[in-house]
Amino acid sequence: MRRRVALCLVLFAFAGLHAAAVEAVTLSTSSRWIVDDEAGGRRVKLACVNWPSHLEPVVTEGLGMQPVDAISKKVASLGFNCVRLTYPIALATNASLSSLTVRRSLLAHGLAGAVAGVEANNPGLLDLTLIESFRAVVDSLGESGVMVILDNHVSRPGWCCADDDGNGFFGDRHFDPDAWVRGLGAMAALFAGVPNVVGMSLRNELRGPRQNADDWYRYMQMGAEAVHAANPAALVIMGGLGYDTDLSFLAARPVDVSFAAAERGKLVFELHWYSFADARAWESEDANEVCGRVARGVARRGGFLLDAGFPLFLSEFGADTRGGSRKDDRYLPCAAAVAAELDLDWALWALQGSYALSTWRLVSGSTMHVAVNATTTTTPSRDGGGGLLCLDVGDDGRSVVTNPCRCLDDAAAGECDPETQWFKLVTSTRSPATGAAAAATVARGLIAA
């Protein structure tokens, strides 16, 4: 009961920060605040929720579950005044992709069930092109008085994020910086006349072995100017390095863009904060010490920008609130307190309850955990599994089932045994095993393909 009370207090604290929904505004910055130009410079606090549209089908998640207008009304009724709506840059640069219909894209990914769901809940969207359906979602949010921030999440549609996914940093195999700049300008121009589109986030979670500050300045400033030239009314939101956790390099060298004025400026910075960034500490160390240390780290890596006269947008945070994660149980009240003390604008990850398409992948150091994302959380659980389901050996010792992943992080490594979730996919010239031989193979955690 104590845990539930604490959680309710945290959520109440966030709810108390929600601004009233507005139909259309033109936002600018005044020192560290985001303000409404149409209301004499009144402060507007962004209280957002993330809504993904960047995965392989490039169809906004949930359209097969509920009517889009019902979802938009629910967003507003929950007290959110904006949505951070994600998209892949290919939606703006690849005409063969953007011109696909929702129906064709879903079928191309084997999602016949999702087609039936969209036909039942959003029949008017099913034969729209992907870019038209994306625009329809934006318009529906506007009709419910919800502002939209367009977030370029990836270049190539797909799950985010990993160091080696090819979408991480300028010059990676799927991340052509010139195409990215063109795509940002095209999206900014396309939505320049849409009244509830108030900002554009340039790129989600830059990362990987290629990341460096010099290329960050070069390309982020180019992308920012492209957006501002195409839509001068929009806020331009810049994330940093290290999965959007680090803006510390800006202390030594400020951004050089044409629209960073102290009054009626357009430049905003964004930061992400999850428990898994400090997983072992939250799990095993004194919570008071960890919260204080992590809060000081947030200030060092981004909070200093508030004193420098720039808004700071906590554009992703979130936790498993079911009470099964020691890390999240400790992290969330700490994050809530820091966000409240700094009076940050924020966006919760995430709105959808599931994904239309989930991709199986290998997730542990052994390369033998075969996992799929089953929930919206990316936060490790007490056994290190978070929102992942892994192949597992059933209780009968013969069947293959899925269970929450175990033993994926260092903190859990010495406390649990992963062997029943170890599966090795191998190529074999043998005939498929049958009967007792198959049962023995499964019981050892091996699959012969």
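Residue numbers -19 to -1, 1 to 430, in mature numbering (1 follows the signal peptide of the UniProt record, and there is no 0), belong to the letters of the sequence shown in order. All residues carry an ideal CB built from backbone N, CA and C; glycine is no exception.
Contact under 8 Å by Cβ, residue i with residue j
i           : j    : result
E42         : Q333 : yes
C141        : N133 : no
S125        : S53  : yes
residue 491 : S239 : Outside the shown range of the chain, which is -19 to 430, sits residue 491, and nothing can be said about it.
D45         : G98  : Note that residue 45 is Gly in the sequence shown here, rather than Asp. Yes, the Cβ-Cβ distance between G45 and G98 is below 8 Å.
R163        : T74  : yes
L338        : V351 : no
A331        : P33  : yes
F257        : Q192 : no
A268        : K247 : no
T82         : D120 : no
R307        : W263 : yes
Y255        : G299 : yes
N185        : D146 : no
N384        : L369 : no
P158        : Y200 : yes
G290        : A233 : no
residue 432 : V118 : Any property of residue 432 remains undetermined from this structure, which presents the chain solely from -19 to 430.
G189        : D227 : no
N103        : P48  : yes
A276        : C315 : yes
Beta-bridge partners of residue i, as assigned by DSSP
i    : result
H253 : E297
S11  : W14, E244
R24  : V16
D326 : F294
V30  : V64, L329
T383 : L372
S306 : Answer by DSSP bridge pairing: none, since S306 is not bridged.
S182 : D132, I218
V353 : L370
R342 : A352
Residue i classed as buried or exposed, judged by whether at least 16 other C-beta atoms fall within 10 angstroms
i    : result
E37  : buried
D364 : Low per-residue confidence applies at D364: pLDDT is 43, beneath 50, and the placement is therefore not dependable, though the value from the model is reported in the following sentence. Answer is buried; the Cβ neighbour count reaches 16.
T360 : Residue placement at T360 cannot be trusted, given a pLDDT of 39 that sits under 50; the coordinates are not used to answer.
N31  : buried
S362 : Residue confidence for S362 is low, a pLDDT of 40 falling below 50, so the modelled location carries little weight; the figure read from the coordinates is stated next. So S362 ends up on the buried side.
V178 : buried
T401 : buried
P399 : buried
L187 : buried
C29  : buried
D301 : buried
L59  : exposed
D373 : buried
V319 : buried
E251 : buried
R311 : buried
L131 : buried
V382 : exposed
A417 : Low confidence applies to A417: its pLDDT is 44, below 50, so where it sits in the model is not reliable enough to give any reading.
D309 : buried
T348 : exposed
A93  : exposed
G221 : buried
A260 : buried
W161 : buried
E322 : exposed
R387 : buried
Rounded distance between the beta-carbons of residue j and residue i, thought under 8 Å
i    : j    : result
G284 : L295 : Between L295 and G284 the Cβ distance is about 10 Å, and since that is not below 8 Å, they are no contact.
V217 : M181 : 6 Å
H35  : P69  : 5 Å
V135 : V64  : With a Cβ gap of about 18 Å, V135 and V64 do not count as contacting.
W327 : L27  : 7 Å
S77  : L111 : Their Cβ separation, rounded to whole angstroms, is 11 Å, which puts S77 and L111 out of contact at 8 Å.
L406 : S345 : Not confirmed; about 14 Å, so no contact.
S11  : G22  : 6 Å
A207 : G166 : 4 Å
M219 : L171 : Not a contact, Cβ separation roughly 21 Å.
V25  : V56  : Going by Cβ atoms, the distance from V25 to V56 rounds to 17 Å, so no, they are not a contact pair.
A173 : A210 : Contact flag wrong, Cβ pair sits at about 10 Å.
I15  : V236 : Between V236 and I15 the Cβ distance is about 17 Å, and since that is not below 8 Å, they are no contact.
Whole alpha helix (DSSP H) runs in the region 102 to 172 with 4 or more residues, listed along the chain?
111 to 124, 158 to 171
Completely contained alpha helix (DSSP H) runs for the region 208 to 282, where each covers 4 or more residues:
Entirely contained in the region 208 to 282, the alpha helix (DSSP H) runs reaching 4 residues are, in chain order, 260 to 265, 268 to 279.
Which parts of the region 53 to 105 are runs of the alpha helix (DSSP H), unbroken and 4 residues or longer, counting only runs that do not cross its ends?
71 to 74, 76 to 79, 83 to 89, 93 to 102
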